[in-house]
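A.B. asks:
Chains as they are written, first to last, in my numbering: chain S, 29 to 278; chain C, 29 to 278; chain U, 29 to 278; chain A, 29 to 278; chain V, 29 to 278; chain F, 29 to 278; chain L, 29 to 278; chain X, 29 to 278.
Encoded structure:
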């Protein structure tokens with residue numbers, strides 16, 4: 029029930045075609061979502077610059093393209109994660125502004141200039157963690173945050189991390205990506221005062237159990253103020269980092 | 029090596045009692061922490077109002093009291109979590125300002141008036157989740173955040189939650205505490221745009237496996253922008269919420 | 029916002045004290061639950077005979093009594109599960125009609141005569157499964173179903189089960205409770221055409237892992253048409269059985 | 029021992045060719061299944077419209093075709109689940125009425141007109157859950173139930189679900205399919221009074237552990253009256269839903 | 029339906045009070061167990077010397093005594109496992125022949141002289157494994173096997189085991205009990221040609237996970253011909269060993 | 029040190045070329061295996077008809093052929109399990125008597141006529157369990173046991189199993205193979221008095237967790253006298269069954 | 029078969045009372061352990077200063093005392109781990125030199141002066157890890173190593189660790205003890221070149237799963253050259269550290 | 029900040045261009061790693077003969093080649109593990125001294141003659157464990173240790189191991205590699221006094237759970253003095269063995 033129909037209902041009431049009890053009855057069964065949908069949707073657009081993100085895994089290219097077409101038609105920016113090259117090509121056909129970040133497995137169509145915002149720092153341990161770190165980076169950037177990166181600073185060579193202590197301190201929020209033993213967020217969390225988002229990756233073998241070891245390490249982190257997202261969930265980390273970063277700019 | 033000793037070293041160098049190579053050698057083996065400790069410590073005090081939190085579990089009352097005595101001597105506020113009544117009594121003897129939050133199992137000594145800050149909302153599902161929710165509340169408050177609570181709004185009675193939608197929207201950051209199926213953060217995360225910190229609790233039985241079920245639910249949350257902390261870790265959630273909340277006040 | 033306030037709003041609109049846009053704005057932020065609560069609540073009472081069940085575990089006796097007092101005041105029947113003798117005594121003080129089913133760890137206050145309804149059969153394997161089986165029985169009975177039981181018919185003595193095949197066939201829905209290897213629901217499910225609700229129990233030792241073995245057995249049951257509830261969740265099984273049983277009486 | 033041989037035995041007895049003790053001896057060693065098989069089989073046909081379902085996974089196309097040929101010969105309907113396109117083609121050669129539901133990976137041959145029956149509602153969260161939801165739909169329909177669907181109503185956009193509250197209330201039994209965090213059944217279970225069958229799917233990544241997260245969520249659901257089936261078991265859910273739905277039509 | 033009723037039915041048929049179709053109908057619903065029960069029960073007594081073993085865990089002393097009284101009345105021997113001293117005292121009151129094996133937590137009443145049978149060897153690794161080893165010993169002995177033991181021959185002192193190689197070779201079947209790393213059955217299985225029954229115990233700490241480590245070791249044993257029972261299941265091992273041992277005496 | 033060298037040593041001693049202390053010293057450092065190897069090897073050949081079984085998984089065809097060539101040279105029978113068709117072809121080139129059991133993935137070269145022995149019964153639940161059941165069958169037969177099979181008697185159609193009760197009773201030892209819920213061994217174990225070897229298979233999906241569910245079911249079996257082997261370990265079950273069967277023939 | 033009996037056998041052979049074949053036959057069945065036992069035992073005493081350590085858990089005080097009495101009689105030092113105060117008192121009665129290390133839960137009787145050896149460093153993270161760290165310390169010291177400790181240097185305050193970098197570098201082998209996230213060994217392993225033995229502790233709560241999280245962290249450590257022992261296994265770490273330390277002194 | 033810049037700073041101070049406070053301020057923000065990096069790096073080269081090992085898994089051939097080129101340029105030896113043949117070919121193009129150990133999946137470029145060092149013994153159980161054993165061998169050798177191997181000595185044929193007892197005793201440190209039940213390290217650990225490094229492999233099937241069974245066996249080993257590395261981590265074991273071996277040569 030949109031505004032027009034609601035106005036009509038009130039007009040009918042004023043003109044006596046329906047009484048108060050009738051109006052209440054109609055309102056009672058009012059489809060919540062019709063009222064709420066636009067509003068929520070509106071909020072979404074305001075706060076993040078785009079209303080929906082396409083998670084491509086488990087969708088056919090055709091399904092992905094159909095959803096993307098609908099989103100692009102309404103003029104909102106597009107963010108498609110876990111996109112294979114095949115999906116990227118399909119989306120490129122749809123809109124030639126589409127940019128494929130191959131390492132991040134992400135397709136982006138930006139429809140406006142992101143407002144300069146605060147500063148998210150993505151820290152990662154190893155080369156094999158890069159796809160997840162890059163997914164976080166592209167996500168936060170597409171949503172409107174400025175992002176810096178600090179890659180290949182694993183704990184095995186602790187000096188590499190300690191030497192960039194100043195860069196750690198400058199960020200408003202940090203996303204720390206690590207596989208294997210997943211100790212990097214604990215160490216970074218002990219060096220900074222800002223919120224740290226820890227992202228375990230499935231990198232590793234044997235008793236890493238597909239990222240479980242890193243996940244448990246991060247959940248048990250002795251450093252206070254660390255929030256954890258799902259294994260390999262670069263998108264979620266980037267999104268949460270952006271939401272926190274935005275707070276600092278209000 | 030504190031400032032005084034460093035100044036003396038430089039003086040010795042200027043007066044020729046030690047040459048450049050000797051100074052470099054001394055600096056090279058300079059205990060990092062002596063230099064760094066005060067600085068980090070200072071940072072800690074500035075940002076959170078107290079330099080260290082005592083996790084009482086696994087410590088004897090005597091050990092806890094000894095640590096607390098040291099902290100109180102230096103004039104900083106005190107936060108002791110997982111405190112049994114016995115520990116609380118011991119700390120009360122130490123400092124009569126000590127307040128024991130029994131449900132939160134937390135002892136607090138506040139040495140100053142917290143500056144009014146932003147607004148953290150603690151949301152919880154069931155009566156049995158209250159100790160964890162309260163630990164989060166006391167933690168964030170002691171660190172200097174204003175905190176509101178919204179308890180007993182489990183998904184089984186969804187209307188109770190939807191009816192307080194406005195309260196959800198007003199908070200700058202939300203801590204959502206739930207045991208059993210742990211679905212509350214997913215639902216709340218779908219209703220708000222702000223960062224959500226999810227806290228699984230060990231409440232439940234059978235296939236809840238001591239909170240594992242709730243933990244996995246939260247890590248897999250379809251709502252973007254949810255960060256998860258360890259099972260029953262009300263302290264960590266309160267601390268992270270405060271850190272995020274502070275960003276909005278800078 | 030209840031009916032009175034809504035009527036007043038419409039009156040204000042009719043009399044021109046507020047325009048259509050104002051009404052829409054007010055309705056937009058209309059607390060959903062105030063409208064919905066009574067209705068949902070009403071539904072609850074109609075369909076199950078009582079609006080809320082108290083799960084006593086993790087609540088203090090005082091908390092339990094407080095909730096029970098509220099429920100009894102509104103004249104609805106009371107069902108309190110996982111009640112210790114101590115809680116039972118406290119509830120008995122509150123209302124002398126309170127009956128404590130010790131084996132089922134359940135307190136019941138029935139405020140009316142349950143309408144005769146269909147027939148739920150509770151089947152269980154061993155003596156140690158009885159508390160769970162009894163919780164299911166008391167729950168379904170209190171909600172208004174007729175219940176029959178068939179206890180101690182484990183698969184180790186298959187003839188005991190096969191000899192009561194006729195009793196299995198007469199039930200409209202079956203709750204099958206088993207610990208250890210949890211095979212009973214698979215066997216029963218192969219003998220009847222009716223819906224079977226399988227309840228694993230934590231009975232067992234070693235590789236039963238607190239009921240996990242039985243749970244997995246039941247989830248993988250080769251017999252089609254078996255729904256599983258949580259380990260030891262007699263209440264959930266009784267409630268679901270009642271809901272299904274009710275369908276046959278409509 | 030079929031009816032003919034049994035009649036002959038009784039005739040022999042009446043005519044004195046065998047005495048009572050001899051008859052009893054023969055009956056004692058009576059192959060149970062020969063007696064029971066037809067009866068059970070007969071029951072099966074009556075209650076579900078077909079005596080056996082072929083689970084194709086782990087069978088060669090040749091094995092599947094052989095079993096299907098036997099079933100079709102006896103004039104019963106055919107339901108083959110987890111059928112690859114290759115198997116579907118083989119079955120199509122066998123009987124040209126065979127319909128392949130590609131998304132549901134199911135082949136159906138219906139030999140009669142299903143009697144109009146009650147109403148099962150299949151609810152699912154995401155695009156990637158559709159194969160499981162469709163398997164449930166085809167199963168319940170083939171067994172004789174009317175089925176409605178409500179797809180893509182995940183909790184991340186709660187308004188989509190709340191806006192169809194009326195459709196949820198109309199169903200006699202609901203099958204709720206969800207992967208990732210698996211929270212949808214808890215939310216739906218809090219909105220309806222009817223039996224809810226929860227189906228976790230293996231959709232997800234990382235800490236979803238192949239559907240384990242969703243499974244645990246559902247088993248721990250705070251909503252009473254939820255029965256759970258195995259991960260990805262659309263067939264089992266459809267079958268159980270049909271069995272429950274049938275009760276309402278008796 | 030016992031013999032008498034069956035005879036009556038046949039008589040009615042012969043005298044024309046019921047026709048063949050009526051008899052078939054009655055036979056069709058013939059309670060299987062009435063026919064089968066005695067026979068199976070009889071088999072039990074013949075093959076093992078006693079019809080039922082009481083697993084005391086999860087039963088009250090009163091329940092245990094009631095079951096024991098019934099068994100003793102029928103003159104069969106009694107085996108009650110996992111018996112606490114309290115239960116043992118209660119059973120001793122019931123029958124003064126009752127012997128309590130404290131280490132094995134088992135009460136035995138033997139009503140006859142066991143026939144001399146083959147030779148079971150119980151091998152165990154550590155002092156803490158003795159209760160399980162002893163449960164196996166008492167079980168096999170009570171059932172009628174001769175039993176020898178070889179205790180405290182853990183792999184850490186391999187020479188102790190190798191030095192008794194001849195004793196290993198003399199047994200007809202071996203029960204090997206081990207906790208912690210559970211390697212003993214693999215080593216013994218490599219030294220003998222006879223069937224080996226491996227019993228993991230819950231002895232250990234940390235990553236023994238309550239016996240899971242030992243269980244997995246045994247299931248993966250590189251020695252062929254090793255069968256495994258549940259963690260701490262001395263009874264099951266003793267029973268299986270006896271069944272195998274009996275074969276060699278037939 | 030073989031017999032020849034030992035004889036020479038003793039001769040040297042007798043002739044005074046070495047004294048007693050020297051002999052003892054030589055014996056002390058005597059390589060245990062040289063003495064033991066032949067003996068154990070000899071035992072192996074006597075008891076099982078062949079000294080070693082080749083587990084092909086994880087070996088290259090070349091490695092497998094090399095081991096097989098060595099075994100065949102010494103005139104012993106050959107049993108190669110988990111053999112791919114490629115390996116089977118390679119072994120066929122080596123010895124034209126080699127028979128490939130495709131379903132059992134096993135290559136056999138029998139060098140003598142197996143002595144008629146007792147009777148092992150292989151029972152299995154579903155079509156997809158056949159490879160494991162057949163591996164058990166080929167193994168026990170190759171080792172010298174007579175084997176009967178009873179396939180496709182899953183618990184979902186219990187009558188099929190009960191109807192063959194007599195066949196179950198005739199076997200000296202039973203191997204029961206089942207995937208999914210793994211309940212078949214529990215049911216069979218309740219029907220027979222003989223030793224039962226339970227083999228879980230990895231057949232299944234979702235919460236079967238690669239056979240873990242069936243494994244746990246079997247370990248927790250309420251039927252006493254069930255020994256369990258590793259998931260899919262048809263070889264181990266066949267080998268253990270043969271060892272038990274042999275006892276009955278001694 | 030000891031030297032005396034062997035000499036007699038050889039004498040019999042020389043004097044013709046037994047022939048070569050007879051001697052070989054006797055030697056063939058020679059109890060391995062009788063030959064090997066003394067030698068191995070002797071080795072033990074030489075290399076570690078005591079032949080056996082008593083793990084008290086799961087033993088009664090009486091059993092522990094009996095074993096200790098035997099060891100003390102032979103004049104070797106005594107090490108009893110996991111000793112309760114009750115056990116400690118019992119051992120003190122046995123030998124008044126017995127020292128009870130309460131925090132380490134260990135009783136030691138040293139019978140000689142340990143030779144000065146290399147230097148083991150025990151590093152630990154938190155107060156609650158001390159019992160395990162102390163068990164390692166007492167073990168290595170009792171076995172004869174010099175031991176230094178560096179406690180309370182968790183990663184949350186990284187400067188405390190970095191400030192003692194020189195102390196880390198001086199040790200010949202390091203034992204690093206940590207619970208919760210277990211990151212300390214990874215960090216230490218990145219700072220030193222020496223062997224690091226990592227000991228996870230069961231300290232923690234929630235997703236630490238009794239030390240599993242710390243264990244997995246350590247097994248996946250990105251720092252090369254880290255060996256891990258069981259959760260809480262201070263004894264094993266101390267013993268391995270001593271064995272490595274000894275190498276450096278040879 | 030290198031030595032040159034530091035000298036310049038001190039010179040400025042001496043000449044009054046900067047005061048003590050200024051120097052302290054500069055030192056305070058001194059990049060830790062610039063000071064520490066060279067030193068640590070230098071240590072690395074001295075102690076192991078090469079500063080970094082390339083773990084190829086999860087890196088593209090191009091990334092691997094780029095890292096290798098950098099390392100070779102600085103004249104250090106190269107060790108690349110988990111190298112596919114494709115990567116090996118690429119590295120061979122880079123430097124023709126590159127040797128590919130196919131079984132060990134490792135590429136080595138040695139730039140100098142390794143100093144003769146102590147003796148590491150690699151022991152392994154089965155043919156399928158060889159890749160891991162070989163990775164350990166190549167790693168220890170490349171780092172500068174002498175290495176001996178003892179392959180195919182699984183516990184199923186215990187005599188093979190016992191017969192080489194002398195070879196076990198000669199090694200300074202042992203690496204024991206085993207999959208399946210993983211019992212070999214326990215047995216070896218009971219035979220030697222030296223440090224044992226246990227390496228579980230992922231070899232196996234069913235309840236080996238990808239090496240988890242072997243890992244748990246080793247962590248629970250009853251033999252004291254066993255350190256465990258990650259599943260399949262031949263590199264880590266070889267590296268740790270080398271570090272321990274080096275101690276014995278100092």
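We put the CB at the ideal spot given by N, CA and C, even for glycine.
Cα separation between residue 147/L and residue 169/C?
C.D. replies: In the seventh chain, residue 147/L corresponds to position 119, counting from 1. In the second chain, residue 169/C corresponds to position 141, counting from 1. Cα to Cα, residue 147/L sits roughly 47 Å from residue 169/C.
A.B. asks: So, for residue 271/A: in the same chain, excluding its five sequence neighbours on each side, which residues have a beta-carbon less than 7 Å away from its beta-carbon?
C.D. replies: As a first step, residue 271/A is located in the fourth chain; it is residue number 243 there, counting from the start. Cβ neighbours of residue 271/A beyond the five flanking positions: none.
A.B. asks: Secondary structure at residue 214/S, three-state DSSP: helix, strand or coil?
C.D. replies: Your numbering for residue 214/S matches position 186 in the first chain. Note: residue 214/S maps to helix in three-state DSSP.
A.B. asks: Listing by chain order, which chain L residues have their CB less than 9 Å from the CB of residue 215/S?
C.D. replies: Within the first chain, the letter at position 187 stands for residue 215/S. 183, 186, 211, 214 and 215, listed in chain order.
A.B. asks: Closer than 7 Å between beta carbons: that is the criterion. Which residues of the stretch 224 to 249 of chain C meet it against chain U?
C.D. replies: Listed by position, the residues of the stretch 224 to 249 of chain C near chain U (Cβ gap below 7 Å) are 231, 233, 234 and 235.
A.B. asks: In three-state terms, what does DSSP make of residue 110/L?
C.D. replies: Working through the seventh chain from its first residue, we reach residue 110/L at position 82. Coil, per DSSP.
A.B. asks: Quick check: what's the CA-CA separation for residue 84/C versus residue 111/C?
C.D. replies: For this step, residue 84/C is matched to residue 56 along the second chain. For this step, residue 111/C is matched to residue 83 along the second chain. Those two C-alpha atoms are separated by around 6 Å.
A.B. asks: Return the CA-CA distance between residue 155/F and residue 115/V, expressed in angstroms with no decimal places.
C.D. replies: Reading the sixth chain from its first residue, position 127 is the one you call residue 155/F. Reading the fifth chain from its first residue, position 87 is the one you call residue 115/V. In a straight line, the C-alpha of residue 155/F is about 48 Å away from that of residue 115/V.
A.B. asks: Just the chain C side, please: which residues come within less than 9 Å of residue 157/U by C-beta, in chain order?
C.D. replies: Translated into the one-based positions of the third chain, residue 157/U becomes position 129. Neighbours of residue 157/U on chain C: none; closest Cβ ~14 Å, over 9 Å.
A.B. asks: Does the structure place the stretch 229 to 247 of chain X close enough to the stretch 185 to 194 of chain X that three or more beta carbon pairs sit under 8 Å?
C.D. replies: At 8 Å Cβ cutoff, the stretches do not touch.
A.B. asks: I'd like to check one pair, residue 247/F with residue 235/U: are the Cβ atoms closer than 8 Å?
C.D. replies: By 1-based counting over the third chain, the position of residue 235/U is 207. By 1-based counting over the sixth chain, the position of residue 247/F is 219. Going by C-beta atoms, residue 235/U is nearer than 8 Å to residue 247/F.
A.B. asks: In angstroms with no decimal places, state the Cα-to-Cα distance between residue 264/U and residue 35/A.
C.D. replies: Translated into the one-based positions of the third chain, residue 264/U becomes position 236. Translated into the one-based positions of the fourth chain, residue 35/A becomes position 7. Cα-Cα distance, rounded: 49 Å.
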